[in-house]
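Numbering (the numbering used here), first residue to last: 24 to 598.
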């Protein structure tokens, strides 16, 4: 006869402890349990294991629920919505654990621990000195006191070998040394995890336990409890460990592991994160090599036989790629909606921007869409548009008053010029020439006569080739860029030598949309004007060396321009 539950309906659960941090591993466990329940039209339960009051962090339960909701993981029964098996906090179910503890006491399978902490420590020390594993059952009292709740209650373990089957790992076994007289109820009246989760799973009719691999070593003790209570056990589904990018050890905080909601703050799409997490230790199998799947597609494909045994790497580059692919799949309307939602989450007021810039919502939406294929996350969108969507005062407000929502220092690179406007996609808003100049110096493509001459030649030829493009053809300059004489020139001289400087000239930014995209947006006249203005500041034959590291330096030609460098800041004024 099987010692496992016979079930007609799949019931899974996620039972985290409210300790404040939602690790990627825990969220992946919740996801797989949820996927299996949804795949089988079953029930998914959210239960809170809050019996360790010393480790509990205030607000953690709300944090857990917010994390799951962000990913689109819903539950059928749980701590906030109740259900058939309420309550769903272990601290509210103490009477239940005491009931089953008394059953074991009455059967002679549990006893009160008579020893002090000091005595147990001495037992442990003696085992270490004799180079033997510490087993409490070796010190099991012959005549324990009656259990009145003031002392810990321990299981009187039946010492034997255990064998079991895991739906991922297959047949497993452990020897006698793996079982011990573990604590069931602590002296404070709270149950241990080892005992409480078994009782809860029994009463909530859980059929499948999705768990991390570290629970394998504890399984023999769980089996001893199932046996003592004479109850059937659920199926075990042990997930592979999540490894750091090096693939040599488990992912931890020291390896850059973050709370799941940190990824929300960084502008990742929830559907992309869910897609990414699903593929950490699982794949659709059956010759299906797709990696970009919707939530419904993942549910349809999810099968326990395709969960791998070996460790799975956590690769943020892969996450970035998956997020970028999901961004591409968004419709124009969907992209704008999610971008605005992100702005709202980090404290950027769209209505104030529209009023300050005198823009209609449609104009602003058109502006947002220009970046759709250029960003990896919505954080990138903030970086691209920062000077446009915020003022200096807005930045201060975002950094100070919105600090609880988002850490701006993790969003914006320290080298980013917060005060520079980035509304260069408007025809009349030419980029700041100081930014153009400093980027050229940073990339070491200007600064002496030879470099200046080379850049001048490249930009002059670029200007001449663009002049030849007719107005009607200019409207298709982005679509037909591969057919333009400028593209052919860039291929001949090196795209980095031609197109990157052009990008900087047009936008004043190291990162911006494709230069052909910018030129289409701002038109021929504005594009040529920006190139001409840049040529002016390098078209001085006696400009030998100019460095932004030179303090209080001034170089000028009264008829053309004036350059001032003070305290490592460059200012350029055309005359």
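Glycine included, every Cβ here is placed at the ideal spot set by N, Cα and C.
Asked	Found
Could you tell me if residue 50 is buried or exposed, where buried requires 16 or more neighbouring beta carbons within 10 angstroms of its beta carbon?	buried
Pick out the complete alpha helix (DSSP H) segments inside the region 171 to 232, 4 residues or longer, and give them in chain order.	216 to 226
Name the DSSP bridge partner or partners of residue 120?	In DSSP, residue 120 forms no bridge with anything.
One question on the structure: do residue 259 and residue 187 come within less than 8 Å of each other, judged by their Cβ atoms?	yes
Do residue 53 and residue 220 come within 8 Å of each other at the CB atom, strictly closer than that value?	no
Check whether the region 532 to 551 and the region 452 to 465 touch, using three or more Cβ-Cβ pairs below 8 Å as the test.	yes
How is residue 553 classed by DSSP in three states: helix, strand or coil?	helix
Please report the residue range of the beta strand (DSSP E) in which residue 34 lies.	34 to 37
Determine the extent of the beta strand (DSSP E) in which residue 261 is found, giving its start and end residues.	258 to 261
At which residues does the alpha helix (DSSP H) containing residue 242 begin and terminate?	242 to 252
Going by C-alpha to C-alpha distance, which of 114, 60 and 328 sits closest to residue 40?	114
Note down, in chain order, each residue of its chain lying with its Cβ closer than 7 Å to the Cβ of residue 112, except the 5 sequence neighbours on either side.	71, 73 and 102
Give me the Cα-Cα distance between residue 400 and residue 90, rounded to the nearest whole angstrom.	18 Å
Taking DSSP's pairing of strands, which residues face residue 96 in a bridge?	Paired residues: none, contrary to the question.
Can you tell me where the alpha helix (DSSP H) holding residue 135 begins and where it ends?	First-last for residue 135: 133 to 135, but that is the beta strand (DSSP E), not the alpha helix (DSSP H).
Report yes if the C-beta distance between residue 297 and residue 131 is below 8 Å; otherwise report no.	no
Within the continuous alpha helix (DSSP H) that includes residue 366, where are the two ends?	355 to 368
With a 10 Å radius around its C-beta and 16 neighbouring C-beta atoms as the bar for buried, classify residue 475 as buried or exposed.	buried
What did DSSP end up calling residue 234 once you bin it into helix, strand or coil?	strand
Alpha carbon to alpha carbon, how far is residue 98 from residue 68?	6 Å
Could you give the distance in angstroms between the alpha-carbon of residue 482 and the alpha-carbon of residue 561?	11 Å
Tell me which same chain residues have a C-beta within less than 7 Å of the C-beta of residue 346, skipping the five on either side of it?	291, 292, 295, 399 and 400
Is residue 236 closer than 8 Å to residue 263 when the C-beta atoms are compared?	yes
For residue 49, does the three-state DSSP call read helix, strand or coil?	helix
If you count every other CB in all the chains shown that lies within 10 Å of the CB of residue 303, and 16 or more means buried, which is it?	buried
If we count the other Cβ atoms within 10 Å of its Cβ and call it buried at 16 or more, is residue 194 buried or exposed?	exposed
With 16 as the cutoff for other CB atoms within 10 Å, does residue 462 come out buried or exposed?	buried
Okay, do the region 349 to 362 and the region 494 to 510 touch, 3+ Cβ pairs below 8 Å being the bar?	no
Residue 531: buried (16+ other C-beta within 10 angstroms of its C-beta) or exposed?	buried
Which same chain residues, not among the five before or five after residue 397, have their C-beta less than 6 Å away from its C-beta?	536
Identify, in the order they occur along the chain, each residue of the same chain with its Cβ nearer than 6 Å to the Cβ of residue 159, setting aside the five sequence neighbours on each side.	203 and 204
Smallest Cα separation from residue 544: which of 493, 513, 389 and 406?	389
Using a threshold of 8 Å, state whether the C-beta atoms of residue 150 and residue 178 are closer than that.	no
Hey, could you find the ends of the beta strand (DSSP E) residue 66 is sitting in?	66 to 69
So, is residue 286 buried or exposed, given that buried needs 16 or more other C-beta atoms within 10 angstroms?	buried
Determine the contact status of residue 138 and residue 214, defining contact as a CB-CB distance below 8 Å.	no
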